[in-house]
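Worksheet: the structure to be examined is printed underneath.
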Amino acid sequence: MSTQEQQANIGKVLSFLREWDRGDMRVRGRMLSTFVTQNTGKTFYELELEFAQVASLFLARLTTWMKLTYPLFSRGLGKLLLKALGIFLSASCHDQYLINFLEDGGALTLLDILSHSQSKDDDKAGAIKLLLTVSKAGRKYKEIICESHGVKVIGECLSTSNRDETKEAASVLLESLSHGNPRYQDQVYKYLITCMTCSSPKSLQLILHTLCIIQVKPATSHYSIVEPLLNTLRSLHLEVQDEGKLTR
1 MSTQEQQANI GKVLSFLREW DRGDMRVRGR MLSTFVTQNT GKTFYELELE FAQVASLFLA
61 RLTTWMKLTY PLFSRGLGKL LLKALGIFLS ASCHDQYLIN FLEDGGALTL LDILSHSQSK
121 DDDKAGAIKL LLTVSKAGRK YKEIICESHG VKVIGECLST SNRDETKEAA SVLLESLSHG
181 NPRYQDQVYK YLITCMTCSS PKSLQLILHT LCIIQVKPAT SHYSIVEPLL NTLRSLHLEV
241 QDEGKLTR
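When we follow full-length UniProt numbering, the leftmost residue of the sequence shown carries the number 1, and every step to the right adds one.
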């Protein structure tokens with residue numbers, strides 16, 4: 001790219017950022033929609049090229065706006081914002097965006113979305129998806145989620161969410177947090193046991209399924225699992241009984 005082209009690209013990006021800063025909810029919604037359409041699947045280097053090496057400035061704006069506007073996202077806007085953040089967090093070849101997002105408190109905000117009573121199920125599902133992206137990035141990122149009381153928040157989401165898809169996503173996230181995370185592996189295991197008192201058959205089935213997967217790691221089963229496990233074997237729901245029989 002020539003110097004003249006670089007200057008033109010920088011000018012375009014600065015104009016884009018000014019439009020975002022001055023824009024209302026409608027303008028920002030349109031900009032998010034365009035960004036998601038044009039940039040889904042791009043790598044770190046492709047995004048940097050598109051944004052004249054300052055893509056992190058737009059990421060910072062998205063992270064700040066998420067913190068300021070949840071849980072009262074306008075209809076559909078939260079889902080779009082979380083998708084835009086996902087483009088940055090899942091960008092391959094580099095983890096700089098992920099680091100920036102976490103330094104700006106992004107993980108805490110995602111956990112707040114999960115725990116807030118007014119958050120919509122679509123927004124919770126989007127938040128879990130982003131947290132799973134963070135978790136899959138490696139051990140130090142799993143630890144950041146766990147240090148932020150993430151196991152408790154995600155476990156409560158699994159136990160109390162209204163939608164089965166959200167429950168399933170939460171169980172996958174807890175399983176991910178238990179893998180390659182020796183410092184907090186036992187915490188995930190023990191908190192899942194405390195969740196076995198939940199009233200939802202679907203939640204209980206998923207809790208038992210996740211326990212069955214991760215329980216091979218502790219040397220012995222924790223004593224606190226005995227009573228709730230026996231209760232699952234008396235459940236009127238066959239799917240709960242079946243998972244209970246597989247859990248040691």
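Note that beta-carbon positions come from the ideal geometry of N, C-alpha and C, so glycine has one too.
With fewer than 16 other Cβ atoms from the protein chains shown falling within 10 Å of its own Cβ, residue 19 counts as exposed.
In the three-state reduction of the DSSP assignment, residue 7 falls in the helix class. Distance from the Cα of residue 176 is smallest, within the candidate group 204, 153, 199, 133, for 133. Secondary structure of residue 201 (DSSP, three-state): helix. Short of 8 Å from the beta carbon of residue 207, and not among the five residues preceding or following it, lie these beta carbons of its own chain, in chain order: 158, 159, 171, 192, 195, 196, 198. For residue 124, the uninterrupted alpha helix (DSSP H) run begins and ends at 121-136, by DSSP.
Check the Cα spacing between residue 190 and each of 126, 155, 168: the tightest is with 155. Nearest Cα to residue 128 within the set 142, 139, 99, 110: 110. The DSSP assignment places 44-50 as complete runs of the alpha helix (DSSP H) inside the stretch 44-68, in order along the chain (cut-off: 4 residues). Under the DSSP assignment, residue 141 falls in the alpha helix (DSSP H) whose first and last residues are 139-147. If you draw a straight line from the Cα of residue 187 to the Cα of residue 203, it is about 19 Å long. Contact annotation: residue 95 and residue 55 have beta-carbon atoms that are not nearer than 8 Å. Residues 133 of the same chain have their beta carbon placed closer than 6 Å to that of residue 90, with the five preceding and five following residues left out of the count. Our two residues, residue 40 and residue 182, have alpha carbons roughly 33 Å apart in a direct line.
Taking the Cα of residue 113 as reference, the smallest distance to any Cα among 49, 139, 166 is reached at 166. The shortest CA-to-CA distance from residue 29 to any of 116, 80, 17 is the one to 80. One alpha carbon belongs to residue 212, the other to residue 142, and they sit about 21 Å apart.
Distance check between residue 92 and each of 103, 47, 21, 60 places 47 closest, using alpha-carbon atoms only.
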